[in-house]
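If you're matching them up, the sequences are chains S and V in order.
So the first sequence is numbered by the numbering used here: it starts at 1 and just counts up by one.
So the second sequence is numbered by the numbering used here: it starts at 1001 and just counts up by one.
Structure record follows, encoded as structure tokens.
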Amino acid sequence: AQSVTQPDIHITVSEGASLELRCNYSYGATPYLFWYVQSPGQGLQLLLKYFSGDTLVQGIKGFEAEFKRSQSSFNLRKPSVHWSDAAEYFCAVRRKGGADGLTFGKGTHLIIQP
Amino acid sequence: NAGVTQTPKFRILKIGQSMTLQCAQDMNHNYMYWYRQDPGMGLKLIYYSVGAGITDKGEVPNGYNVSRSTTEDFPLRLELAAPSQTSVYFCASSRQGAWQFFGPGTRLTVL
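So, in structure tokens, the structure goes:
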């Protein structure tokens, strides 16, 4: 069965510092890959997605992610975080070509220090 | 566009009661989904639908039922509510099963 691992439950970063959130997946074939962000009490917003092609994908709010097939990873990065980036971040995967739902990691809670 | 809307935002149920969580989307998406989110966990799929009249079980369907009579609406029914169903419920929709748009969620407590 497919699974998604986000090894960091909490990460604390100083405002202006760089950020990397880790995501590894276990799947029979390369799935579609997503990062979503959830602010407190809100729904999930798509940050970026990878379907195929260029392994470095750009998203909204200055985020990017790199797909590494050899490591089954899809890590999220931002060069300089802002206090407004404090939120819960979820990595998710979905089977290509199917209609079934997303499989989510457990999330990483990002705390921004002033 | 309102996107994906969910009602109610909050609800407290007693054990054994039933209720329907409403979900609607105005983006003409054919695929719709219901997830639940428990503290410290990611979202888990309850049910999904690929079009009106077609539904299928997800990872955690027990205790829930769904129907899809129109493209726009995808209600989730809880029969005989149990404390284990205390959770935040999210509805989502997508076109061609690609990336999903999420609603704001319904926070349900069963006491």
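All residues carry an ideal CB built from backbone N, CA and C; glycine is no exception.
- Of the residues V:Tyr1089, V:Arg1095, V:Pro1039, the one whose Cα lies closest to the Cα of V:Arg1011 is V:Tyr1089.
- For V:Gly1040, no beta strand (DSSP E) encloses it, and the DSSP letter there is neither H nor E.
- Per DSSP, reduced to three states, the secondary structure at S:Gly59 is coil, with no helix or strand assignment.
- From the listed residues V:Glu1079, V:Ser1049, V:Gln1022, the smallest Cα separation to V:Thr1106 is found for V:Gln1022.
- Taking the Cα of V:Pro1061 as reference, the smallest distance to any Cα among V:Gly1053, V:Thr1070, V:Arg1036, V:Ala1052 is reached at V:Arg1036.
- Counting along the chain, the unbroken beta strand (DSSP E) around S:Leu21 starts and ends at 19–21.
- A straight-line Cα-Cα distance of about 16 Å links S:Thr103 and V:Tyr1031.
- Annotation: Cβ neighbours of S:Gly105 in chain V (cutoff 8 Å, chain order): Gly1042.
- Not one beta carbon of chain V lies nearer than 8 Å to the beta carbon of S:Leu110.
- Taken atom to atom, the span from the alpha-carbon of V:Leu1078 to that of S:Gly98 is near 27 Å.
- Chain S has a Cβ within less than 8 Å of the Cβ of V:Phe1090.
- Any Cβ of chain S closer than 8 Å to the Cβ of V:Pro1104 would place that residue at the interface, and such an atom is present.
- For the set S:Arg69, S:Leu110, S:Gln38, the Cα lying nearest the Cα of S:Val81 is the one of S:Leu110.
- Around the beta carbon of S:Lys78, 16 or more other beta carbons lie within 10 angstroms, which makes this residue buried.
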